[in-house]
Amino acid sequence: NQWIFVPEKTFSKSKVEISATENYNDRFASHPNIARRKEEIQQKIDSLKEWQSEIAFNQPKFDEVRTICRYEFVLNDVYANNTIEALYAIYVLEKEYPNSRFLKNCKSQIWLANITETYEFDEFLEGDYSEEDYSEEWDEFESEYEGHISVFAQGYNRLNATAKLTLGMRIIRDNYLRDTTDKLADKYWKKAVELAAKSGSFELESYSKLTFQQAIVQFEKDKFKEDSISKIAGLSPVKYNKYETIKNNKTGFDLENGIDSSKFYLYGLSDLVNDSTFLKLYASYTEDVGALEVETDEFFDLTDEEQTDFYESEYEQLLHIGLDSMLLLQPEVTSFQRYNRKNFEKSDDLEKDFFTVTNSVVSELDMHQINLNRSNHTSLTTNEFNAIATLNRSIDRRDNYGDEVFLLDTELMDSIAVQFGADQVVYMSLKNKNEQAITVPKLVVLSILFPLGVFYLPKLILNNSATKYNVKVLDLTKGELVVNETYFAVEPSSKKFMHVRLNAIFHQLKQQ
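Under the working numbering, the first residue of the sequence shown is numbered 1, with each subsequent residue one higher.
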């Protein structure tokens, strides 16, 4: 890359050899259970004695399926935010597919997520590449990876937060410049600048207007000028202590050239520092951050009572999103017995009741509902099955990480919104648990307490069931989870109670 220089010391640790030991207990291994896999393969070979030279798939077909699996592997790691695995897999695939837009955007996504992360070893590792300073705990942490990926993992984990933020900015910027008409790449770039403005690790004034190589050339010019002046004045040129030089080399500080290579990242954004368009964009986001800080200060100036009123008002408005048309996604409806054992028969019946009640409530509230679920799975098309899988994955990603920086699936969301004619996706889960409240020991106690115990009998019956409702609304235009609320009720999961709860929830969602 012409804009950034990464010193070799960053990735100086040796490769951790692949052990691939045959151990049935492979919970902590980096590879599948080799012994068990070998047995399975041998059993399969033994069962195909008549196989001989028959080929089930030709080489082109095999390569096609294999490539799809490799791409899916990358996508799964990006969704799971497995930074090291995803970046290394992208690096390997880009050797074969250097112009892949998918890989480019996956790379931008994983670096975008890294911009806002904090790192446990930042203060310990900042600008320090000395091997003897690493603790045993750090070595154990690094040994999680084996093979060539271990070299990248060790180098990546040695970078501090500012270095990772800068590398992320650099890579996302370069991906955008490869095709400035790519709308998704443009989204990544603008979001990266916004997050950098919000980050405490990014200080624009600390970055050089020169690249690393330009800085060395400039230093040599200045040094030559100083030596010439010193020679004319009859002064001795500055001599460097060789022991000090050896010591500094451990941290990457090049005393002879006057450049601290451990802070190489400060020379990686020189084109942006000199770019007026970038500076205006960055300034617009810093103004927003400043306004938010003022609002935060004003909030903390309020009394406790005023803050409580504010929170109550915010909570009341949380569900008021003006929902009048929705895409109802396949719900998760489960009925549990004692000891959290799932009752499959009751779960199926409960799901049927859920669909019946939902249709009734939506009709009462004059809302438009589009079903995208498996209530009538025989009529679902391949595109609809794919849409269900995409939306479930997108909702899970936003629910698990709760961030606003996942943009990789926004194009898919746009196409789903057009396909079904709805901008809001509603996903609900209903979990009912029935406890065996009336047991023989309890009946014995009630009989002893008779007639007083009779008054406790209705309470045992009514407290026999508890239901938890969870509602999530994904806004396809924003790509955000705008609602994610859970409600708990000690009541049976009958149609009557379910109707009351769902009516209240959808009534709130419909309000502006």
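The C-beta atom is built at its ideal place from N, Cα and C for all residues, glycine as well. Here the structure is a predicted model, which is why all the values come from computation and not from measurement.
- Remark: fewer than three beta-carbon pairs, one from each stretch, lie closer than 8 Å, so the stretch 56 to 72 and the stretch 382 to 394 are not flagged as touching.
- Around the CB of T467, 16 or more other CB atoms lie within 10 Å, so the residue is classed as buried.
- Going by DSSP, T181 is part of no alpha helix (DSSP H) at all; its letter is neither H nor E.
- K433 and Q337 have their C-alpha atoms spaced approximately 6 Å apart.
- The three-state secondary structure of T162, taken from DSSP, is helix.
- The Cβ-Cβ distance between R70 and A89 falls below 9 Å.
- Contact between the stretch 423 to 433 and the stretch 472 to 488 is present: 3 or more CB-CB pairs across the two stretches fall below 8 Å.
- Taking a C-beta distance under 9 Å as the contact criterion, G168 and L93 do not qualify as a contact pair.
- By the 16-neighbour rule on beta-carbons within 10 angstroms, S206 is exposed.
- Taking the Cα of L204 as reference, the smallest distance to any Cα among N470, P98, T166 is reached at T166.
- Contact between the stretch 144 to 152 and the stretch 74 to 87 is present, with at least three C-beta pairs closer than 8 Å.
- For A153, the three-state secondary structure derived from DSSP is helix.
- Boundaries of the alpha helix (DSSP H) around E364: 344 to 364.
- Straight-line measurement puts the Cα of L328 at about 14 Å from the Cα of K352.
- Every alpha helix (DSSP H) stretch that sits fully inside the stretch 58 to 99 and reaches 4 residues is listed by chain position as 59 to 79, 83 to 96.
- Per DSSP, the continuous beta strand (DSSP E) segment holding L481 begins and ends at 480 to 489.
- The beta carbon of I321 sits closer than 7 Å to the beta carbons of V473, V482, V483, L509 from its chain, once the five residues preceding and following it are set aside; these are given in chain order.
- Between K183 and L281, the gap from beta carbon to beta carbon reaches 9 Å or more.
- Beta-bridge partners of K280 (DSSP): none assigned.
- Cβ contact annotation for K495 (same chain, cutoff 6 Å, sequence separation greater than five): D353, V357, in chain order.
- Here Y176 is buried, its C-beta having at least 16 other C-beta atoms within 10 Å.
- Put simply, the backbone Cα of Y188 is about 43 Å away from that of H499.
- A distance of 9 Å or more separates the beta carbons of A504 and F497.
- The C-beta distance from S261 to P7 rounds to 4 Å, short enough to meet the 8 Å contact threshold.
- About 6 Å separates the beta carbon of V333 from that of S347, a gap short enough to meet the 8 Å contact definition.
- No Cβ-Cβ contact shorter than 9 Å links A192 with Y267.
- In this structure, T10 is the residue among S335, T10, G479 with its C-alpha nearest to the C-alpha of N157.
- A direct Cα-to-Cα measurement between M428 and V362 gives close to 14 Å.
- Q369 sits in a strand when the DSSP states are folded into three classes.
- For E332, there is no enclosing alpha helix (DSSP H); the residue is part of the beta strand (DSSP E) that begins and ends at 332 to 336.
- DSSP lists no beta-bridge partner residue for D414.
- Around D186, the same chain offers Y176, T180 as residues with beta carbons nearer than 8 Å, after the five sequence neighbours per side are excluded.
- Taking the Cα of Q511 as reference, the smallest distance to any Cα among L323, N58, K198, K44 is reached at L323.
- Rounded to whole angstroms, the separation of the alpha carbons of N464 and N340 is 14 Å.
- In the displayed model, S465 falls within a strand according to three-state DSSP.
- Note on geometry: alpha-carbon atoms of N470 and N383 lie some 27 Å from one another.
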